[in-house]
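All residue numbers for the sequence shown refer to our numbering, where the first residue is 917 and numbers rise by one.
In this text, a Cβ means the ideal position worked out from N, Cα and C, and glycines have one as well.
Step one of this worksheet: look at the structure below.
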Amino acid sequence: MGAQRTVHVLHNSEQPASVFALLESGTKVVPLIADGLFDLMMIKFATMYTSKKQTKIESKGPRFEIGDFCVKLGSVTMSQNFKGVLVEVEYRPCVVPGEAWNLIKEFLQGFIGSAVANQPPPYLQNRMNDIYQPMDTIHQYLDHFGQYRKATGVL
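Take a look at the structure:
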């Protein structure tokens, strides 16, 4: 029997035609972006693999455009139980996190205050000079969802 692998399948309303998947195998994470048929393919694979039914977790809420910023406020629910709020901020004119981080941080501090971390999210810290891609957002959502799962003891 091989090593245990976990596949996380995520959807993002900003890319409605895409399905994002992350395959975790030990210390390696393999990202995949596919079209909507990927969900159907995963159903077909269910007969070949043992499915560990994870509790559905999602973030839903309004999206605002404020000047050059896009802000999404998401109510995080797990099994229809409210768990918290996620705030996503994008500075549209810039695709390199290192060039935009201080501006995003200052923008967030304007309405969240001192709760904003001084450092970028852990996922971005080694990618500050890379071009930001939709998969980067998916990784960060998965990180946050994992924190919510741990906080409630659901892994």
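Helix, strand or coil at residue i [DSSP, three-state]
{"i": "Pro932", "result": "coil"}
{"i": "Ile982", "result": "strand"}
{"i": "Ile1047", "result": "coil"}
{"i": "Pro1037", "result": "coil"}
{"i": "His927", "result": "coil"}
{"i": "Gln1008", "result": "The amino acid occupying residue 1008 in the given sequence is Arg; Gln does not appear at that position. Correct three-state label for Arg1008: coil."}
{"i": "Ala919", "result": "coil"}
{"i": "Gln1063", "result": "helix"}
{"i": "Gln896", "result": "In the structure displayed, the chain extends from 917 to 1071; residue 896 sits before or after that span and is not available."}
Residues bridged to residue i (per DSSP)
{"i": "Val1001", "result": "Ser991"}
{"i": "Ala937", "result": "Val925, Leu948"}
Whole-angstrom C-beta distance between residue j and residue i, which should lie under 8 Å
{"i": "Cys1047", "j": "Val1011", "result": "One point to set straight first is that residue 1047 is Ile, not Cys, in the sequence displayed. Sure, about 5 Å apart at Cβ, within 8 Å."}
{"i": "Leu926", "j": "Ile1054", "result": "5 Å"}
{"i": "Asp984", "j": "Tyr965", "result": "Contact flag wrong, Cβ pair sits at about 44 Å."}
{"i": "Thr971", "j": "Ser995", "result": "5 Å"}
{"i": "Arg921", "j": "Leu939", "result": "6 Å"}
{"i": "Tyr1039", "j": "Gln1056", "result": "5 Å"}
{"i": "Val1001", "j": "Val992", "result": "7 Å"}
{"i": "Arg1065", "j": "Ile973", "result": "7 Å"}
{"i": "Ser975", "j": "Gly990", "result": "3 Å"}
Enclosing alpha helix (DSSP H) for residue i [first to last residue]
{"i": "Ala1016", "result": "1013–1028"}
{"i": "Met964", "result": "Unbroken run through Met964: none, as it is neither H nor E."}
Host beta strand (DSSP E) of residue i (start-end)
{"i": "Lys972", "result": "Here Lys972 belongs to no beta strand (DSSP E), and DSSP marks it neither H nor E."}
{"i": "Val945", "result": "944–951"}
Distance cut-off 8 Å: residue i Cβ against heavy atoms of the ligand GTP
{"i": "Phe1023", "result": "Ligands displayed in this structure: none; no statement on the ligand GTP is therefore possible."}
| Would you call the segment 957–964 and the segment 981–1000 in contact, with 3 or more CB pairs under 8 Å? | no
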